[in-house]
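Working notes, beginning with the structure itself.
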Amino acid sequence: MTGRFASGLPAGNTTEPRIPIGILLHYGLCCERSRGRSKEDSVNDWRRDVRAYDDVLEQLGDANSRRLIPTPALACDLALLQSNIERMADRALEAGVHLRPHVKSHKSAFIARRQLAAGAVGLAFAKLGEAEAVVERLNASGDPSSVSVLLTSPLVGRHAAERAAALASRCDLVVVVDHVDGVDELEAAALTVGSTMSVLCDVDVGLGRTGVRGPDAALAVAERINVASRLQFKGVQGYGGHLQHIPGREHRRTATIESTKRLTGVVDTLEAAGFHVAIRSGGGTGTMGLDVEIGVLNELQTGSYVFMDREYRDALGEDLEGRFAQSLTLITTVISANHEGYVTVDAGLKAMATDAGVPVVVGHEDTASYQFFGDEQGMVTNPAGHPFRRGDRLELVPPHCDPTVDRYDVIWLVHDDVVVDVIDVTARGRSQ
Ligand SMILES: Cc1ncc(COP(=O)(O)O)c(C=O)c1O
């Protein structure tokens, strides 16, 4: 592509300020910290190479601007991202279920806004801090209606409950609970703060991480919610994290059917006791097609589909659930090429999550391989006859997208060799 970016592709920040707020915040932070220090100190103080970033920002939309991105960095193909967002929204619409995308995967207000625009009924968050950061941004940019927010992890303790109660006055909040004490904490906080919350009973469908372990415990939770004046029982959550990466659709289907029976058992008991189980939320990218076929969930919490990652690609292959594009890559630079068989790149253990193995090298999937080579370095083998050279830039498909994204301040939105825009990872590090 040559010349200024001028195709029909949607510009990155149609509703955001021209320079995204994240960038401005960082500039602000830099000025704040630099007071009383030398220029050199303030630049060293900062997390990023300011001049390199300015270079890219000045050339947004220009041919070859992708080559200017300081590495290691995350790049996301905007057109692929948008098609993933729309594909998932269409799937949910066709199946007659609600879509509540999980923000834990991207932590970005910009992407969340696009998911809502594509028809999502609301957003799911793992942590209070994530939700606070993104809701603040959505509210600041004047989104008209109060966004529906589901916190998918149980909260413990007075402080967390009071933060949730405060958040409930800034959005339409739904929380999950897996113990009667959690209900009491939320009720007390809601009374103190003067807000109201909707509550789902979190059900353990076999992952064993959180959730009540059966119908009796679920009934106890629902009954406690029923007598709370500030809480409203809305339904159940059953997330099968253990199912998502089972390779082979038939194996995944068998396991998902088994797991869903646990949720059905709880729903039946609650309904027999007179509770209206309006929301049955759960599912992930790996099971979403199966979840709608099974027909118990009426709300999907899929997250990773926006980017996909190597782990999901390996597990899902061409299955229906795998038909989302790999939109996210990690750009890295060859920093040393003094050996015959391999080069050293600037993306090591700190540049990506390491729980799911190694990344693949885009364009060299079968001819080159990556190994971790230190905290800050990686080793990439040279394809036969075509050694990489010092200064070359390679792109990697991250092994596991969610915890990789959390390591970066920004994501560069790209199309071919053009940087279209840059967005901040709004809830980066907000793990409390
Ligand atoms: C509770 C919950 N719901 C939904 C998801 C989204 O799953 P995925 O990223 O596999 O689509 C996750 C991911 O870890 C999760 O923890």
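In the numbering used here, the protein residues as written are -7 to 424. Glycine included, every Cβ here is placed at the ideal spot set by N, Cα and C. Computed from a predicted structure; not experimentally measured.
Per DSSP, what kind of secondary structure is residue i in: helix, strand or coil?
{"i": "residue 205", "result": "coil"}
{"i": "residue 363", "result": "strand"}
{"i": "residue 45", "result": "helix"}
{"i": "residue 385", "result": "strand"}
{"i": "residue 423", "result": "coil"}
{"i": "residue 66", "result": "strand"}
{"i": "residue 246", "result": "helix"}
{"i": "residue 230", "result": "strand"}
{"i": "residue 213", "result": "helix"}
{"i": "residue 425", "result": "Given that the chain is displayed from residue -7 to residue 424, the structure contains no residue 425 and the question cannot be resolved."}
{"i": "residue 56", "result": "coil"}
{"i": "residue 100", "result": "coil"}
{"i": "residue 74", "result": "helix"}
{"i": "residue 121", "result": "helix"}
{"i": "residue 51", "result": "coil"}
{"i": "residue 107", "result": "helix"}
{"i": "residue 89", "result": "coil"}
{"i": "residue 82", "result": "helix"}
{"i": "residue 241", "result": "helix"}
{"i": "residue 394", "result": "helix"}
{"i": "residue 197", "result": "coil"}
Around the Cβ of residue i, are there at least 16 other Cβ atoms within 10 angstroms (buried) or fewer (exposed)?
{"i": "residue 421", "result": "exposed"}
{"i": "residue 205", "result": "exposed"}
{"i": "residue 43", "result": "exposed"}
{"i": "residue 342", "result": "exposed"}
{"i": "residue 131", "result": "exposed"}
{"i": "residue 293", "result": "buried"}
{"i": "residue 83", "result": "buried"}
{"i": "residue 392", "result": "buried"}
{"i": "residue 429", "result": "Residue 429 lies beyond the range of the chain shown here (-7 to 424); nothing can be said about it."}
{"i": "residue 313", "result": "buried"}
{"i": "residue 125", "result": "buried"}
{"i": "residue 137", "result": "exposed"}
{"i": "residue 94", "result": "buried"}
{"i": "residue 248", "result": "buried"}
{"i": "residue 330", "result": "exposed"}
{"i": "residue 390", "result": "buried"}
{"i": "residue 198", "result": "buried"}
{"i": "residue 424", "result": "exposed"}
{"i": "residue 107", "result": "buried"}
{"i": "residue 254", "result": "buried"}
{"i": "residue 279", "result": "buried"}
{"i": "residue 144", "result": "buried"}
{"i": "residue 360", "result": "buried"}
{"i": "residue 405", "result": "buried"}
{"i": "residue 363", "result": "exposed"}
{"i": "residue 148", "result": "exposed"}
{"i": "residue 90", "result": "buried"}
{"i": "residue 273", "result": "buried"}
{"i": "residue 179", "result": "buried"}
{"i": "residue 227", "result": "buried"}
{"i": "residue 296", "result": "buried"}
{"i": "residue 328", "result": "exposed"}
May I ask you to list the residues that DSSP assigns as paired with residue i?
{"i": "residue 225", "result": "191"}
{"i": "residue 94", "result": "116"}
{"i": "residue 406", "result": "69, 411"}
{"i": "residue 371", "result": "336, 363"}
{"i": "residue 417", "result": "BP columns for residue 417 are empty, so no partner."}
Is there a Cβ of chain D sitting closer than 8 Å to that of residue i, yes or no?
{"i": "residue 316", "result": "The question asks about chain D, but that chain is absent: this structure has only one protein chain."}
List, from N- to C-terminal side, the beta strand (DSSP E) runs of 3 residues or more that fit wholly inside the segment 249 to 292.
Listed in chain order, they are 271 to 274.
Entirely enclosed alpha helix (DSSP H) segments - the segment 128 to 186, minimum 4 residues
For the segment 128 to 186, whole alpha helix (DSSP H) runs of length 4 or above, ordered along the chain, are 150 to 159, 172 to 185.
Whose beta carbon lies closer than 5 Å to any heavy atom of ligand 1, going through the chain in order?
Counting every residue whose Cβ lies closer than 5 Å to a heavy atom of ligand 1, we get 94, 144, 231, 236, 276, 277, 293, 294, 295, 296.
Going along the chain, which unbroken runs of the beta strand (DSSP E) with 3 or more residues stay wholly within the segment 281 to 346?
For the segment 281 to 346, whole beta strand (DSSP E) runs of length 3 or above, ordered along the chain, are 320 to 328, 334 to 337.
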